[in-house]
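Reading through the structure tokens given below for one structure.
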Amino acid sequence: MHLTRRRFLTWLGALLATVRTTFARAQTVASTTVTFVLTNDIYLMDAQEGSDGKTRGGFARLAAVVKAERAKGGHVVFAHGGDTLSPSLMSGLDRGAHIVTLTNMIRPDIFAPGNHEFDFGKATFLERMAEAKFPLYAANLRAADGATLPAFKDRAIVEIDGVRIGLTGLAYERSPKTSSTEDLRFASTLETTKAQAATLRQEGADFIVAVMHCDRGDSLALQFTRAADLMLTGHTHDLFITHDERSAIVESSYDAHYVTAIDVAITVSEKDGKRATKWWPQFRIIDTATVTPDPEVATVVAGFQARLERELKTPLATSAIELDTRSATLRTGEAAVGNLIADAMRLQTHADVAVMNGGGIRAGKVYPAGLVITRQDVLSELPFGNRIVVVSIDGAGLRAAMENGLAKLPTPSGRFPQVSGMTVRFDPSRPAGQRITAITVDGAPLDDKRRYRVAINDFIARGGDDYTMFQNADRITPDYDAPLLAPAVMEHLEALGTIRTGVEGRVKAE
199 MHLTRRRFLT
209 WLGALLATVR
219 TTFARAQTVA
229 STTVTFVLTN
239 DIYLMDAQEG
249 SDGKTRGGFA
259 RLAAVVKAER
269 AKGGHVVFAH
279 GGDTLSPSLM
289 SGLDRGAHIV
299 TLTNMIRPDI
309 FAPGNHEFDF
319 GKATFLERMA
329 EAKFPLYAAN
339 LRAADGATLP
349 AFKDRAIVEI
359 DGVRIGLTGL
369 AYERSPKTSS
379 TEDLRFASTL
389 ETTKAQAATL
399 RQEGADFIVA
409 VMHCDRGDSL
419 ALQFTRAADL
429 MLTGHTHDLF
439 ITHDERSAIV
449 ESSYDAHYVT
459 AIDVAITVSE
469 KDGKRATKWW
479 PQFRIIDTAT
489 VTPDPEVATV
499 VAGFQARLER
509 ELKTPLATSA
519 IELDTRSATL
529 RTGEAAVGNL
539 IADAMRLQTH
549 ADVAVMNGGG
559 IRAGKVYPAG
569 LVITRQDVLS
579 ELPFGNRIVV
589 VSIDGAGLRA
599 AMENGLAKLP
609 TPSGRFPQVS
619 GMTVRFDPSR
629 PAGQRITAIT
639 VDGAPLDDKR
649 RYRVAINDFI
659 ARGGDDYTMF
669 QNADRITPDY
679 DAPLLAPAVM
689 EHLEALGTIR
699 TGVEGRVKAE
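Below, the structure is given as structure tokens:
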């Protein structure tokens, strides 16, 4: 069809008007840049020397990073991915009170509890959280009656430059299996995150941030659902960043060795009354070896360290019996101190059985009856910083472990098993691997097919001293995230007051 000049100009004018109307409907209504700063799994208050000889981590360096980001004058959301009240030597003494003091000096904008927040039980968890001067989030955590815990919230929307940022937090779902949560209830990380994100969007959030202590598999599964835009995580202790252009996951190592800052540019447009969000992240990894510690926080840390040194001289218990920690004793037979340590491991973790290799007890001393045992004595006996790992293993695997522990006799060996919750009878004249004549667990014969919860130290969990059967055993607590052994022993001795646990025939030749 032939168009006259006038008709063409009329058509063109109408087209331009339509274009102008379309663009007006899809106009930008808000934009901003927000820096999210993440720390997670920070247990040690002071810095540590790394394998490269450089010093990094600790609260003073973390504080310096956060203060520097806030001092830039932009919008900063400081997130804490949980796991901090425990484990550390100082936490073993004050049940994490110093951690709350130090965290209050930096004040996260959102904190989600990890499994180690519950290591000292429900009452201590609630006490520490009541001392916190920062926002607490745990959408999947409830009291026994289903009520939200005091001071905790499920979600919130924070408006920055007209952009509505939705925040939610998730506690570690598997805490009941790895810590002392008592009657607290934990819902699914996946389902709760999806539900909270959906509710936040209904409430008008433009950009969703989930701060979560979770297994990596859970966060990756959530990434495929597109429930949250940015997931700030803790638990795995690695430096991890992934972004598929629709959602991102970040984790910042542990103990503030690294701190991750994510600068997110967010633009919100509106069309036909509906808001649409575009965003893009820039990731900055801060190695705290390059950071000058914040002097204010460093002073408080130094005060706590001085207190720790004094506390290590504190008496724990008086021994009514002689305790022999010499190698020849621990590496050839049952020893009273081995029983004490194994009891502490089992009771701390609510395991069926505990196994401690005699070679992990190292001071080589004799403590006469009547001697007062101090915290420093415990550290002298357990110098390796071991953790208590709980594994699930069948009776046949546990039997194989005991055979391994007895395999070198009569030669002294660090693998000799000091045990709790079980008795082992063996014939040393038999060939190695065939020496056990009977095993009982809690008074009942060992069932080769039944699965048992076994507390071990992380050294033999990795197959040390040829305990290879533990390497592939199902982990109830991961090796890297298990409670420290020394504080558990200290707590056990303090509860006893007087040590009367002697040689009881737990591992005996017939």
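Numbers given in our numbering equal positions in the sequence shown, counted from 1, plus 198.
By construction, the Cβ of each residue, glycine as well, lies at the ideal position given by its N, Cα and C atoms.
Small disclaimer: the values here were computed from a predicted structure and weren't measured.
Spatial neighbours of residue i in its chain, beta-carbon cut-off 7 Å, leaving aside the 5 residues before and after
i	result
valine 217	In this prediction, valine 217 scores a pLDDT of 49, lower than 50, which makes its location untrustworthy; the coordinate-derived value is nonetheless stated afterwards. For valine 217, where only same-chain residues beyond five positions count, there are no Cβ hits under 7 Å.
alanine 222	Its pLDDT being 48, under 50, alanine 222 is placed unreliably in this model, and the coordinates cannot settle the point.
proline 626	Leu607, Pro608, Arg633 and Ala707
alanine 526	Pro610
arginine 424	Arg444 and Ser445
glutamine 225	Ser467 and Glu468
lysine 710	Since the displayed the chain opens at 199 and closes at 708, residue 710 lies outside it and no answer follows.
aspartate 672	Val589 and Ser590
Neighbourhood of residue i by C-beta, 8 Å cutoff - its chain only, sequence neighbours within 5 removed
i	result
leucine 580	Ile539, Gly558, Ile559, Arg560, Leu683, Ala684 and Val687
threonine 220	Note on threonine 220: pLDDT 48, under 50, position unreliable in the model; the coordinate value appears next. For threonine 220, where only same-chain residues beyond five positions count, there are no Cβ hits under 8 Å.
lysine 647	Asp592, Gly593 and Ala594
glycine 248	Arg254, His455 and Ala487
methionine 303	Phe257, Ala261, Glu494, Val495 and Val498
Residue closest to residue i, alpha-carbon to alpha-carbon, out of the options
i	options	result
threonine 379	Thr547, Arg597 and Gln574	Thr547
glycine 641	Ser618, Met243 and Ala295	Ser618
glutamate 329	Asp436, Leu283 and Ala342	Leu283
alanine 262	Ser286, Thr237, Gly279 and Pro285	Thr237
glycine 402	Leu428, Val361 and Ala419	Val361
serine 286	Leu365, Gly583 and Arg633	Gly583
leucine 577	Val275, Thr253, Glu509 and Ile308	Glu509
asparagine 537	Gly700, Met327 and Thr675	Gly700
glycine 367	Lys320, Gln400 and Ala277	Ala277
glycine 280	Asp317, Phe614, Glu247 and Ala385	Asp317
valine 705	Thr387, Phe624, Thr527 and Lys647	Phe624
aspartate 461	Lys351, Thr423 and Val448	Val448
serine 590	Arg259, Pro629, Ile654 and Thr621	Ile654
phenylalanine 481	Lys469, Val457, Gly612 and Glu357	Val457
tyrosine 650	Glu601, Asp663 and Leu596	Leu596
leucine 694	Thr635, Asp381 and Ala542	Ala542
isoleucine 674	Asp550, Asp664, Ala567 and Leu644	Asp550
proline 374	Phe332, Pro311, Arg399 and Thr434	Pro311
leucine 382	Thr696, Asp436, Ala341 and Ala228	Ala341
Host alpha helix (DSSP H) of residue i (start-end)
i	result
isoleucine 363	From DSSP, isoleucine 363 is part of no alpha helix (DSSP H) but of the beta strand (DSSP E) over 361-368.
histidine 296	295-302
lysine 375	373-376
alanine 337	Segment: none, alanine 337 is in no alpha helix (DSSP H) and carries neither H nor E.
methionine 153	No answer is possible for residue 153: the residues shown for the chain start at 199 and end at 708.
phenylalanine 502	493-509
serine 525	525-528
Bridge partners - residue i, DSSP secondary structure assignment
i	result
serine 229	Thr465
tyrosine 452	According to DSSP, which records beta bridges pairwise, tyrosine 452 is partnered with nothing at all.
leucine 604	Answer is none; leucine 604 lacks a bridge partner.
proline 615	Asn555
serine 517	Ile697
alanine 446	Leu428 and His441
threonine 253	Glu247
isoleucine 308	Ala277
lysine 476	Thr465
arginine 482	Ala459
leucine 236	Ala277 and Thr458
Close-in-space but distant-in-sequence residues of the same chain around residue i (CB under 6 Å, 5 per side omitted)
i	result
leucine 521	Ala534, Val535 and Tyr565
alanine 659	Val587, Phe668 and Asp677
glycine 703	none
glutamate 692	Leu514
alanine 258	Pro491, Asp492, Val495, Ala496 and Val499
leucine 604	Phe624 and Arg633
glycine 319	Ser378
asparagine 313	Tyr370, Ser373, Thr376 and Ser377
Within-8 Å CB hit, residue i to chain D
i	result
alanine 393	Here chain D cannot be found, since the structure has a single protein chain.
Residue i Cβ short of 7 Å to the ligand FAD heavy atom set
i	result
leucine 604	Ligands displayed in this structure: none; no statement on the ligand FAD is therefore possible.
Terminal residues of the beta strand (DSSP E) in which residue i lies
i	result
isoleucine 355	353-358
arginine 268	Taken as a continuous stretch (DSSP letters only), arginine 268 belongs to no beta strand (DSSP E), being part of the alpha helix (DSSP H) at 257-269.
valine 489	From DSSP, valine 489 is part of no beta strand (DSSP E); its letter is neither H nor E.
arginine 623	620-624
alanine 328	Looking at the DSSP string, alanine 328 is not in any beta strand (DSSP E); the run it does join, the alpha helix (DSSP H), is 320-329.
phenylalanine 332	No beta strand (DSSP E) contains phenylalanine 332, which DSSP labels as neither H nor E.
threonine 277	The question names threonine, but residue 277 in the sequence shown is alanine. Taken as a continuous stretch (DSSP letters only), the beta strand (DSSP E) holding alanine 277 covers 273-278.
alanine 707	705-707
Checklist entry - Can you list, in chain order, the stretches of the alpha helix (DSSP H) that have 4 or more residues and sit fully within the stretch 395-437? => result 414-423
Item to check | Ordered list of alpha helix (DSSP H) runs contained in the stretch 541-598, each at least 4 residues | outcome: 573-579
Item to check | Length-filtered (4 minimum) alpha helix (DSSP H) runs lying within the stretch 630-669 | outcome: With a minimum length of 4 residues, the continuous alpha helix (DSSP H) runs that stay inside the stretch 630-669 are 656-659.
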